[in-house]
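Written out below as structure tokens is the structure these notes cover.
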Amino acid sequence: MAIRDQLTALLSFLLLLVAGNAFISGARAEAQDETILSDAVARENNQSLLWGPYRPNLYFGVRPRLPKSIMTGLMWAKVDNFVDVQNSFRYTCEQNEGMAGYGWDEYDTRKGGVQTIHDTQNKIDITTSFVKIPGGTHGGSWAARIKGEPRSDAPDDLKTTVVFYVTSEPRWDEIQVTDDGDEFGFDADVTLTGSSEDLGEWKMVITKGKGDHPHSNHAISQRRDLEKTIVQSLAMPEEHLWRAREVLFTQLKQGVDGIVEEFGADNAPPPWQTYQLSNNAGKGNVQMIQKVFEGPFEFDVLFSSGSAGKDVTSDDLTREIKLTTESFSEKFLDVLAPLEPFNAQKYQKFGRSLLSNLAGGIGYFYGNQVVDRSNAPEYEEENEGFWEDTAEARARHQEQAEGPFELFSSIPSRPFFPRGFLWDEGFHLMPIIEWDTDLAMEIVKSWYNLMDEDGWIAREQILGDEARSKVPAEFQIQYPHYANPPTLFLIIENFLEKLQKANGTQASKRETLSRQGLHHDSALLANPSMGLKYLQDIYPLLRRQFYWFKKTQFGDIKSYEREAHSSREAYRWRGRSVQHILTSGLDDYPRPQPPHPGELHLDLMSWVGLMAKTLNTIATAIGEEADAKDYATVLDNIEHNLVDLHWSEEEGCFCDATIDAFEENQLVCHKGYITLFPFLTGLLKHDDPKLGNLLKLIGDEEELWSPHGIRSLSKKNELYGTDENYWRSPVWININYLVVVQLYNVARQDGPFKATAVDLYSRLRGALVDTVYNSWEETGFAWEQYNPETGRGQRTQHFTGWTSLIVKIMAMPDLAAPGHSHDEL
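Reading the sequence shown from the start, the letters are residues -29 to -1, 1 to 796 in mature numbering (1 follows the signal peptide of the UniProt record, and there is no 0).
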């Protein structure tokens, strides 16, 4: 009997072993399949996203997502008189260049689009059409059409000079001009060739194009034929390659000096012949191609990858522009169509423009950043008067260059903030994740690749000399104890919701995903196992960032004998001065005065609570149960401490806290955006009695409500509209977006505040859309903020960063529509 039992046990073991091996083999095969699929998607991302107008600081500049790369750019100027010519050259986007609006009318990051620039000072509208043409193994080919159309007030003989340039950095082979022009220029197309390890062999053709050319009777016409295209080939040090305008001006000045010497200042040729480069085509890492036109014009830039096996033609470009436009229109109506009462054609055009400019503002940045890692003891900010001590420590200038780093990111504003901002980016990606989920998650990954070993990501990404040229010196240095709102967690949370929605469906089917509200082009959603792997890969970085916040931004509870549910959950922004907490993102919003090391900041506590909530969900989804319990504990402690440390029963709202002259805890209540943060970050339950107070505050016209959106600070506050008035009255779309989303969430659930939420949601949604639309219609721009009294856009123009959230707000349901059932939400 014992032998039989032993044999039975042995047989069972062998069967289990076989089954286990089969399971392991199956698991390995499945994992291998996922790896193969993941690698294929990564290659597809690299291919379809390699090229783009990734120099958003320029009106038009194309480059690949590669360090040490070839780069292109466009410049133009009106050259009909000597007085205005130098100030009329357009190159980098600027706030005050006489523009009646500019930007992408339609743009898809994977395909291309059309941009229009209304240059009123130069009396010309410039259209740049850009398309990508897949093929080969080096990111495919691309093409651009540059078109100029004189404005209605322009003279019939408007003279415009256009310079398209190409640069390559030292590790690349020099660019060669292969055409046979004569000593005065080129009668036909200009062809450039080059090669590199990353791009292989390539060819770029700048076509002769269409358009008339000016003439003159000056003697110089014998050698300056304006019907010819001029090519000037230069060899420049790498550090000067981004300074194309200065290089151009230097070369033009040499020509002007030669003309003055030869003909005299009083006998110079007309400006359209004076401001012309000399032709010296050949090899060089800078190639400047100049054309001079009279009236309307058009020419193409055709980049052909050698591995594609076929050269791009102008006919290809014409066809692809049409297809790209049609594709964009169809996809926009499928993914982000404005809903009632904003479904009129004018709102569709408006939404297409904002979305396109948000996506068209995505850039690739590469270079060093400047960091102060001195760990000066003053940076602990533990003593009273700490802001003076930290100012002295910063003045010692112990910063050093670090890197190089690379970042793929959208930006707040092409003329004023053409670089990555950590707290802006989470808002930027809200519309983008609806349009192209995989693109949004590629950008998130790029940001987290910047994280240091402690968990810090610099809040402002100023990578390289070109980026630093737009930033005052005092703001260039990054400090590894400075935080910034972790808004990328909003995107991770959004992605996880989409992934859970896609899982269990036939996600590979386009129509199923579309019905589920998930975009059909997302490989991460169409293959939920791959989406889950994305979360598994990025989770350690999210966790590291979370604990970096807890370690570096902690607030002091114990030293001041504060009573709270938890002695661990309180937070304080580092980097405070008397007037500002720039690290909070809310800059000059009123805070307790004077600053004190015992301060506790409500908004930061709320952000950490959002991180804990999101991490709890992710950890649960990927099977990290022990971590999930830890996050749940932190979240529970924060929810209690928000009340214990920040709720004022007297004021009926949440507030910052500080320590008064008697070393006692004191709440300091400046009603406004800060007050709303537990609600904005989803930490208040839909039936919490405290929510009623906040909704009343939101809807009070004497406090936060304005006809144009929720004010940043209450009208009743003594500091309303004072000093810089940056976050002390204006309407900001990012915070209003969070209000709209949370009102919608409350409106979807039965409870005591459902009716109030429906009413506020409907009225606020309408007010915000009308405000941004009316200002865009009047000025041609989206703006950084909006005046709560007049609704006019103000501060930075072309702020198509988080102001583009209006696209998502328009695409949200109209709860006030006749016949709409709130029970169906």
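Every residue gets a Cβ at the ideal spot worked out from N, C-alpha and C, and that includes glycine.
What number of angstroms, rounded off, separates the C-alpha of Ala114 from the C-alpha of Ile201?
Here residue 114 is taken as the residue at index 143 of the sequence shown, counted from 1. Here residue 201 is taken as the residue at index 230 of the sequence shown, counted from 1. So the alpha carbons of these two residues sit roughly 21 angstroms apart.
CA-CA distance, Thr296 and Gly84?
As a first step, residue 296 must be located in the sequence shown, where it is residue number 325. As a first step, residue 84 must be located in the sequence shown, where it is residue number 113. Straight across, the Cα-Cα distance linking Thr296 with Gly84 is about 7 angstroms.
Across which residues does DSSP place His89 in a beta bridge pair?
Position 118 of the sequence shown, counted from the start, is the residue given in the question as residue 89. Residue pairing by DSSP places His89 opposite Asp96 in a beta bridge.
My output table needs one value for residue 800: the three-state DSSP class, helix, strand or coil.
With the chain covering -29 to 796 only, the question about residue 800 has no answer from this structure.
Mapping DSSP to helix, strand and coil, what is Trp698?
Here residue 698 refers to the residue found at position 727 when the sequence shown is read from its first residue. In this structure, Trp698 counts as coil in the three-state DSSP scheme.
Assign Asp124 to buried or exposed, taking buried as 16 or more other Cβ atoms, counted over all protein chains shown, within 10 Å of its Cβ.
One-based indexing of the sequence shown puts residue 124 at position 153. It is exposed - the Cβ of Asp124 has fewer than 16 other Cβ atoms within 10 Å.
Nearest residue (CA-CA) to His62, options Thr80, Lys39 and Ile88
As a first step, residue 62 must be located in the sequence shown, where it is residue number 91. Per the sequence shown, the amino acid found at residue 62 is Tyr instead of His. Per the Cα distances, Ile88.
For Leu273, which residues of its own chain have a beta-carbon under 6 angstroms away from its beta-carbon, when the five flanking residues on both sides are left out?
Taking the sequence shown and counting its residues from 1, one reaches residue 273 at position 302. Closer than 6 angstroms at Cβ, skipping near neighbours: Ala114, Val176 and Val283.
Does the stretch 346 to 353 come into contact with the stretch 395 to 408, if we say contact requires no fewer than three beta-carbon pairs (one atom in each stretch) closer than 8 angstroms?
The stretch 346 to 353 is not in contact with the stretch 395 to 408.
Where do the ends of the alpha helix (DSSP H) carrying Lys293 lie?
Within the sequence shown, numbered from 1, the residue matching residue 293 stands at position 322. If you look at Lys293, you'll find it in the alpha helix (DSSP H) that goes Ser285 to Val306.
Need the endpoints of the beta strand (DSSP E) that Phe60 sits in, please.
On the sequence shown, position 89 is the one that residue 60 refers to. Run containing Phe60: none; DSSP gives neither H nor E here.
According to DSSP, is residue 805 part of a helix, a strand, or is it coil?
Outside the displayed span of the chain (-29 to 796) sits residue 805, for which this structure offers no information.
Would you call Asp237 buried or exposed, if buried means 16 or more other Cβ atoms sit within 10 Å of its Cβ?
The residue labelled residue 237 in the question sits at position 266 within the sequence shown. Exposed, by the Cβ-count rule.
Buried or exposed: where does Arg26 fall if 16 or more other Cβ atoms within 10 Å of its Cβ makes it buried?
Taking the first residue of the sequence shown as 1, we reach residue 26 at position 55. Arg26 comes out buried.
With DSSP run on the structure shown, which of helix, strand or coil describes Phe264?
Here residue 264 is taken as the residue at index 293 of the sequence shown, counted from 1. Here Phe264 sits in strand by DSSP.
Tell me which same chain residues have a C-beta within less than 6 angstroms of the C-beta of Gly180, skipping the five on either side of it?
Reading the sequence shown from its first residue, position 209 is the one you call residue 180. Leaving aside the five residues that flank Gly180 on each side, the residues in its chain whose CB is nearer than 6 angstroms to its CB run, in chain order, Glu269 and Phe270.
Could you give the distance in angstroms between the alpha-carbon of Val743 and the alpha-carbon of Phe299?
Locating residue 743 in the sequence shown gives position 772, counting from the first residue. Locating residue 299 in the sequence shown gives position 328, counting from the first residue. Cα atoms of Val743 and Phe299: separation of roughly 23 angstroms, rounded to the nearest angstrom.
Helix, strand or coil: which one does DSSP assign to Glu1?
As a position in the sequence shown, residue 1 is number 30, starting the count at 1. Interpretation of Glu1 is limited by its pLDDT of 49, a score under 50 that renders its predicted location unreliable; the figure taken from the coordinates is listed afterwards. For Glu1, the secondary structure class from DSSP, reduced to helix, strand or coil, is helix.
Leaving out five residues on either side along the sequence, give the residues of the same chain with a beta carbon under 7 angstroms from the beta carbon of Arg367.
To locate residue 367, count along the sequence shown from 1; it is residue 396. If we look at Arg367 and ignore the five residues flanking it on each side, it has no Cβ neighbours.
Should the stretch 769 to 784 be called in touch with the stretch 307 to 326, which here means at least 3 C-beta pairs below 8 angstroms?
Three or more beta-carbon pairs drawn from the stretch 769 to 784 and the stretch 307 to 326 are found closer than 8 angstroms, and the two stretches are therefore classed as touching.
With respect to the beta strand (DSSP E) encompassing residue 797, which residues constitute its N-terminal and C-terminal limits?
As shown, the chain starts at -29 and ends at 796. That puts residue 797 outside it, with no answer to give.
Is it the case that the Cβ atoms of Phe387 and Thr767 are separated by a distance below 8 angstroms?
In the sequence shown, counting from the first residue as 1, residue 387 sits at position 416. In the sequence shown, counting from the first residue as 1, residue 767 sits at position 796. Taking 8 angstroms as the Cβ cut-off, Phe387 and Thr767 qualify as a contacting pair.
Express the C-alpha separation of Glu154 and Asp128 in angstroms, rounding to a whole number.
If you number the sequence shown from 1, residue 128 lands on position 157. If you number the sequence shown from 1, residue 154 lands on position 183. Straight-line measurement puts the Cα of Glu154 at about 27 angstroms from the Cα of Asp128.
Among Thr408, Phe525, Val50 and Ala444, which residue has its Cα nearest to the Cα of Phe466?
Taking the first residue of the sequence shown as 1, we reach residue 466 at position 495. That would be Thr408, whose Cα lies nearest to the Cα of Phe466.
Pair within 8 angstroms by beta-carbon distance, Leu21 and Pro38:
Working through the sequence shown from its first residue, we reach residue 21 at position 50. Working through the sequence shown from its first residue, we reach residue 38 at position 67. Pro38 sits away from Leu21, with the two beta carbons spaced by 8 angstroms or more.
Work out the CA separation of Asn474 and Lys480 for me, nearest whole Å.
Numbered from its first residue, the sequence shown carries residue 480 at position 509. Numbered from its first residue, the sequence shown carries residue 474 at position 503. Its pLDDT being 42, under 50, Lys480 is placed unreliably in this model, and the value from its coordinates should be taken loosely. Rounded to the nearest whole angstrom, the CA to CA distance from Lys480 to Asn474 is 12 angstroms.
Using 8 angstroms for Cβ pairs, my map puts Cys626 next to Val639. What's the rounded Cβ distance?
One-based indexing of the sequence shown puts residue 626 at position 655. One-based indexing of the sequence shown puts residue 639 at position 668. The pair is a contact, with the Cβ atoms about 6 angstroms apart (cut-off 8 angstroms).
For Thr554 and Ala454, believed in contact at Cβ under 8 angstroms, the rounded distance:
Within the sequence shown, residue 454 is the residue found at index 483, counting from 1. Within the sequence shown, residue 554 is the residue found at index 583, counting from 1. Their Cβ separation, rounded to whole angstroms, is 6 angstroms, which keeps Ala454 and Thr554 in contact under 8 angstroms.
Give me the residue from Leu163, His769, Pro443 and Ser500 with the minimum Cα distance to Ile593.
Taking the first residue of the sequence shown as position 1, residue 593 is located at position 622. When each option's Cα is compared against that of Ile593, the closest is Ser500.
For Val614 and His572, the rounded distance between their alpha carbons:
Residue 572 sits at position 601 when you count from the first residue of the sequence shown. Residue 614 sits at position 643 when you count from the first residue of the sequence shown. Cα-Cα distance, rounded: 13 angstroms.
Under 8 angstroms between C-beta atoms of Gly680 and Ala738:
To locate residue 680, count along the sequence shown from 1; it is residue 709. To locate residue 738, count along the sequence shown from 1; it is residue 767. Yes, they are a contact pair.
According to DSSP, is Thr132 helix, strand or coil?
Taking the sequence shown and counting its residues from 1, one reaches residue 132 at position 161. In the three-state reduction of the DSSP assignment, Thr132 falls in the strand class.
Classify Val778 as helix, strand or coil using the three-state DSSP reduction.
Translated into the one-based positions of the sequence shown, residue 778 becomes position 807. Secondary structure of Val778 (DSSP, three-state): helix.
In the DSSP assignment, what residue or residues form a beta bridge with Pro121?
Counting from 1 along the sequence shown, the entry for residue 121 is found at position 150. Beta-bridge analysis with DSSP links Pro121 to Ile95.
Label Ala597 either buried or exposed according to how many other C-beta atoms from any shown protein chain fall within 10 Å of its C-beta, with 16 as the threshold for buried.
Against the sequence shown, residue 597 aligns to sequence position 626. So Ala597 ends up on the exposed side.
Under 8 angstroms by Cβ, that's how I've got Val50 and Pro242 pegged, so tell me the actual separation to the nearest angstrom.
Here the question's residue 50 lines up with position 79 in the sequence shown. Here the question's residue 242 lines up with position 271 in the sequence shown. The pair is a contact, with the Cβ atoms about 5 angstroms apart (cut-off 8 angstroms).
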